[in-house]
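There are 2 protein chains.
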Amino acid sequence: MSPAKKKQPVAAQAGLTMADLAKLAGVSKITVSRALGDSPLVTPETRERIQALARKHGYKLNVSARNLRLRRSHTVAVIVEMKPSSSRTMWDPYPLSLLGGITQELTSAGYSVLLTTRHDAANAAVQAADGLILLGQGVHQDAVKLYDRMGLPMVVWGAESDHDNHIVVGSDNRQSGVSVAERFLSIGRRHPVFIGNSDHPEMAQRLHGFVDELAGHGIKPLLLQRVDWTLESGVAAVHSLASRKVHFDAIFACSDLLAMGAIRALVELGLSVPNDVSVVGYDDTPHGVSFLPPLSTVRQNWQEGGVLLARKVLALIDGQPVASQMLPTSLIVRAT
Amino acid sequence: MSPAKKKQPVAAQAGLTMADLAKLAGVSKITVSRALGDSPLVTPETRERIQALARKHGYKLNVSARNLRLRRSHTVAVIVEMKPSSSRTMWDPYPLSLLGGITQELTSAGYSVLLTTRHDAANAAVQAADGLILLGQGVHQDAVKLYDRMGLPMVVWGAESDHDNHIVVGSDNRQSGVSVAERFLSIGRRHPVFIGNSDHPEMAQRLHGFVDELAGHGIKPLLLQRVDWTLESGVAAVHSLASRKVHFDAIFACSDLLAMGAIRALVELGLSVPNDVSVVGYDDTPHGVSFLPPLSTVRQNWQEGGVLLARKVLALIDGQPVASQMLPTSLIVRAT
DNA sequence: CGATATCAAGATATCGATATCATTACATTT
DNA sequence: AAATGTAATGATATCGATATCTTGATATCG
Chain Y
637 MSPAKKKQPV
647 AAQAGLTMAD
657 LAKLAGVSKI
667 TVSRALGDSP
677 LVTPETRERI
687 QALARKHGYK
697 LNVSARNLRL
707 RRSHTVAVIV
717 EMKPSSSRTM
727 WDPYPLSLLG
737 GITQELTSAG
747 YSVLLTTRHD
757 AANAAVQAAD
767 GLILLGQGVH
777 QDAVKLYDRM
787 GLPMVVWGAE
797 SDHDNHIVVG
807 SDNRQSGVSV
817 AERFLSIGRR
827 HPVFIGNSDH
837 PEMAQRLHGF
847 VDELAGHGIK
857 PLLLQRVDWT
867 LESGVAAVHS
877 LASRKVHFDA
887 IFACSDLLAM
897 GAIRALVELG
907 LSVPNDVSVV
917 GYDDTPHGVS
927 FLPPLSTVRQ
937 NWQEGGVLLA
947 RKVLALIDGQ
957 PVASQMLPTS
967 LIVRAT
Chain L
637 MSPAKKKQPV
647 AAQAGLTMAD
657 LAKLAGVSKI
667 TVSRALGDSP
677 LVTPETRERI
687 QALARKHGYK
697 LNVSARNLRL
707 RRSHTVAVIV
717 EMKPSSSRTM
727 WDPYPLSLLG
737 GITQELTSAG
747 YSVLLTTRHD
757 AANAAVQAAD
767 GLILLGQGVH
777 QDAVKLYDRM
787 GLPMVVWGAE
797 SDHDNHIVVG
807 SDNRQSGVSV
817 AERFLSIGRR
827 HPVFIGNSDH
837 PEMAQRLHGF
847 VDELAGHGIK
857 PLLLQRVDWT
867 LESGVAAVHS
877 LASRKVHFDA
887 IFACSDLLAM
897 GAIRALVELG
907 LSVPNDVSVV
917 GYDDTPHGVS
927 FLPPLSTVRQ
937 NWQEGGVLLA
947 RKVLALIDGQ
957 PVASQMLPTS
967 LIVRAT
């Protein structure tokens with residue numbers, strides 16, 4: 637048998653500890669700790685001296701030790717709904733935008749962001765977190781309950797629902813539905829269609845706002861149920877309308893892709909956008925701006941949403957009272 | 637003065653420790669540790685008994701304590717180039733896809749993913765990591781050097797470069813340039829144009845592959861320098877060609893948006909795609925499939941790229957020899 | 001001048017898990 | 001039967017930082 641050579645992990649960084657620094661500076665560990673922490677309990681001179689020493693030797697704080705002592709991880713786990721091979725969510729730019737805001741806010745508050753997919757949310761990583769942020773359209777009751785049982789401060793992105801009581805941050809989907817309805821009414825549309833998935837909580841609220849506002853004017857929109865949010869789905873939706881000889885003059889689509897698909901189909905049918913039919917999409921994707929004709933759409937403020945999610949978890953961790961909050965959306969009226 | 641009520645952070649979870657479990661089970665701490673770690677040093681029965689007890693009481697391992705003792709954080713920091721307000725990267729779907737693969741692989745190896753933006757990469761979080769993964773097209777020498785100085789195992793996504801020696805994982809940009817050139821040659825195109833930013837390392841390699849392959853057939857493509865990767869930029873590029881009365885019959889654009897813009901401009905100019913001009917984009921974005929005409933493009937395998945990035949850091953952390961690696965891309969030929 | 005207040009710094013205990021070495025109980029060998 | 005081996009478990013020290021309680025030195029006061 638050949639002698640199996642054991643691989644030596646590099647991990648154990650020989651880095652200095654506070655004790656080492658203390659010896660170097662001729663003070664005690666605790667003084668080093670205080671100096672590095674800018675505590676007022678040390679003279680400015682010793683503080684400077686020790687900080688300089690730390691810099692010089694490239695001292696690295698051992699975060700684990702600190703967290704252990706403080707009984708906090710200073711870490712928030714972000715659970716993203718990422719199905720390994722699914723096309724949609726992985727590609728969807730929105731979680732990344734939210735992540736941007738979240739990361740910004742958390743790191744500037746001295747917290748770290750632990751990224752996790754829903755599938756492996758049971759792992760040790762999440763156990764270490766001080767708080768939880770849940771992202772992803774598919775987050776349903778069961779998942780939320782699962783995490784809830786971890787007893788951690790938790791904030792969810794999405795639609796507010798009556799029968800559960802966790803903190804939610806999201807776009808004001810209802811209001812966006814109202815806005816689109818108002819817009820359609822103001823330009824004299826009387827036969828609007830809604831394209832989207834009413835089983836999806838966020839979309840359902842858009843639908844509600846849309847329906848309610850129109851109802852106030854005696855109008856009942858047509859609901860065109862569409863599970864996919866692809867361009868093809870939008871095309872198919874309009875074709876189905878045409879084949880059923882439905883009369884309509886406005887479309888509120890729950891995604892820009894749906895909207896663009898719808899417009900393409902309309903053009904194919906010889907209809908003019910926006911003369912014959914008005915179309916409003918959702919999300920303000922980059923493609924929409926340069927679409928022909930430029931797409932009217934509803935814009936969500938994801939950056940701010942992320943920041944808000946972060947603030948709420950932090951507040952929860954801090955034991956402060958926190959309420960759910962819906963962010964206003966803006967209707968971007970372009971050419972459609 | 638009213639007595640300032642001090643807010644009480646909830647953080648300090650009263651959770652059980654191994655010592656508590658040990659008392660409950662009538663064994664020593666270390667036996668609990670071994671039982672939970674499936675060590676062969678405890679009888680199957682005691683292991684079962686203790687694990688059941690842990691489950692029953694919802695025992696949560698204190699990761700900080702463990703990491704402290706093991707002198708490892710079991711954490712890899714992912715540094716994403718996210719400029720707070722920039723439009724591009726934040727929206728760009730690709731980092732998320734990479735993140736998907738990374739997260740999958742790392743968590744299944746028992747590691748956590750620490751998400752960081754480049755800006756706050758100096759924070760304590762990163763110091764805690766066992767390894768580093770750098771994402772983002774704008775990662776340049778200075779940044780890499782900065783992180784290099786942390787002395788951590790590091791892997792970078794992007795283009796391989798001669799004059800630095802860190803591990804790189806990326807798409808084989810050069811080969812993709814060659815493939816597109818081959819395609820153009822095979823369909824008899826003799827006057828190709830390259831649209832992109834030659835200062836961008838990854839794009840530069842696409843250009844090199846493209847140029848080299850064409851040179852073998854005595855053809856020298858025209859380079860159209862474009863810093864923006866937007867649709868408008870694509871439109872402008874083609875218009876500039878037209879106004880200069882350049883003759884061309886093929887376009888290799890470095891992003892799908894550029895390609896779509898180019899096609900739009902071509903159509904406006906009364907040229908037919910692909911009859912008069914062939915166009916190939918890059919990235920295989922969802923919009924490309926349903927573009928009219930469906931866009932030919934180069935697809936990168938991001939999921940796998942993420943997995944590979946993760947594997948390489950893990951190997952580095954483990955002290956194994958690791959080499960850079962470029963992933964093959966695939967040319968998706970559709971209608972353009 | 002003695003007593004107390006104030007300030008800087010140190011000693012010690014502690015957070016929760018695990019590596020290492022020691023111990024016990026029982027089985028096997030000669 | 002004594003000696004050796006083996007398997008299961010335990011005792012202790014340790015990872016590196018910080019909270020808490022002291023200590024010593026200097027300043028301030030009546």
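Order-wise, the sequence lines are chains Y and L. Start counting the first sequence at 637; every next residue gets the next number (my numbering). Start counting the second sequence at 637; every next residue gets the next number (my numbering). Cβ atoms here follow ideal geometry from the backbone N, Cα and C, with glycine treated the same way. All of these numbers come straight from a predicted model, not from anything done at the bench.
query                                                                                                                          : result
Cβ neighbour criterion (16 or more within 10 Å) applied to Ser812/Y                                                            : buried
Reduced DSSP secondary structure (H/G/I, E/B, other) of Phe820/Y                                                               : helix
Contact set between the stretch 693-713 of chain L and chain Y, restricted to residues whose Cβ is under 9 Å from the partner  : Gly694, Lys696, Leu697, Asn698, Val699, Ser700, Ala701, Arg702, Asn703, Leu704, Arg705, Leu706, Arg707, Arg708, Ser709, His710, Thr711 and Ala713
Top-ranked residue by Cα proximity to Phe830/Y, from Arg842/Y, Ala851/Y and Glu838/Y                                           : Arg842/Y
Same chain only: Cβ atoms within 6 Å of Arg683/Y, ignoring 5 sequence neighbours per side                                      : Ala671
Members of the stretch 651-676 of chain Y that neighbour chain L once the beta carbon cut-off is set at 9 Å                    : Gly651
C-alpha gap between Gln763/Y and Arg947/Y, whole angstroms                                                                     : 20 Å
Touching by the beta-carbon criterion (3+ pairs, under 8 Å), the stretch 958-972 of chain Y and the stretch 791-807 of chain Y : yes
Listed by chain order, chain L residues near His923/Y by CB distance under 7 Å                                                 : His923
Cut-off 6 Å between Cβ atoms - residues of its own chain near Ile987/Y, not counting five sequence neighbours on either side   : For chain Y, the structure presents residues 637 to 972; residue 987/Y sits outside this window and is missing.
8 Å Cβ cutoff met for Val712/L and Ala765/L                                                                                    : yes
8 Å Cβ cutoff met for Gly767/Y and Pro789/Y                                                                                    : yes
Buried versus exposed, by CB contacts within 10 Å (16 or more), Leu979/L                                                       : Here chain L covers residues 637 to 972 and nothing more, so residue 979/L does not appear.
Three-state secondary structure (DSSP) of Ser932/L                                                                             : strand
Under the three-state DSSP convention, the category Leu894/Y falls into                                                        : helix
Alpha-carbon spacing of Asp864/L relative to Ile968/Y, whole angstroms                                                         : 23 Å
Closest by C-alpha distance to Leu902/L, when choosing among Asp919/L, Ser891/L, Ser876/L and Val925/L                         : Ser876/L
Neighbourhood of Leu821/Y by C-beta, 7 Å cutoff - its chain only, sequence neighbours within 5 removed                         : His853
Proximity test, Cβ basis, 8 Å: Val749/L and chain Y                                                                            : yes
Burial state of Gly673/L, where buried means 16 or more other Cβ atoms lie within 10 Å                                         : exposed
Residue-chain proximity (Pro731/L, chain Y), Cβ-Cβ < 8 Å                                                                       : yes
Residue-level contact to chain L via CB, Gln763/Y, 8 Å cutoff                                                                  : yes
In DSSP terms, what Ile715/Y is bridged to                                                                                     : Thr752/Y and Leu770/Y
Spatial distance of Leu782/Y from Lys665/L (CA atoms)                                                                          : 29 Å
Inter-stretch contact (C-beta, 8 Å, three-pair minimum) for the stretch 905-917 of chain L and the stretch 943-957 of chain L  : no
Boundaries (first-last residue) of the beta strand (DSSP E) holding Ala886/Y                                                   : Ala886 to Ala889
Cutoff 8 Å: Thr1015/Y Cβ touching any chain L Cβ                                                                               : Residue coverage of chain Y in this structure runs from 637 to 972, which leaves residue 1015/Y outside it and unanswerable.
Coil, strand or helix - Gly832/L by DSSP                                                                                       : strand
Cβ shell of Trp727/L (< 7 Å), same chain only, five flanking positions each side left out                                      : Because the pLDDT at Trp727/L is just 49, under 50, the model does not fix this residue reliably, and the value given afterwards should be weighed accordingly. Excluding positions up to five away in sequence, the list is empty.
Test: Glu868/Y CB closer than 8 Å to a CB of chain L                                                                           : yes
Sequence-distant residues of its chain with Cβ nearer than 6 Å to Leu867/L (five each side left out)                           : Leu893, Met896 and Gly897
Contact set between Gln936/L and chain Y, taken where Cβ atoms lie within less than 7 Å                                        : None at all; the shortest Cβ gap to chain Y is about 13 Å.
DSSP three-state assignment for Leu963/Y, whether helix, strand or coil                                                        : strand
Contact list for Leu735/L against chain Y, beta-carbon separation under 7 Å                                                    : Leu751
As assigned by DSSP and simplified to three states, the class of Tyr783/L                                                      : helix
Contact set between Ser876/L and chain Y, taken where Cβ atoms lie within less than 7 Å                                        : In chain order: nothing, as chain Y lies at least about 17 Å away.
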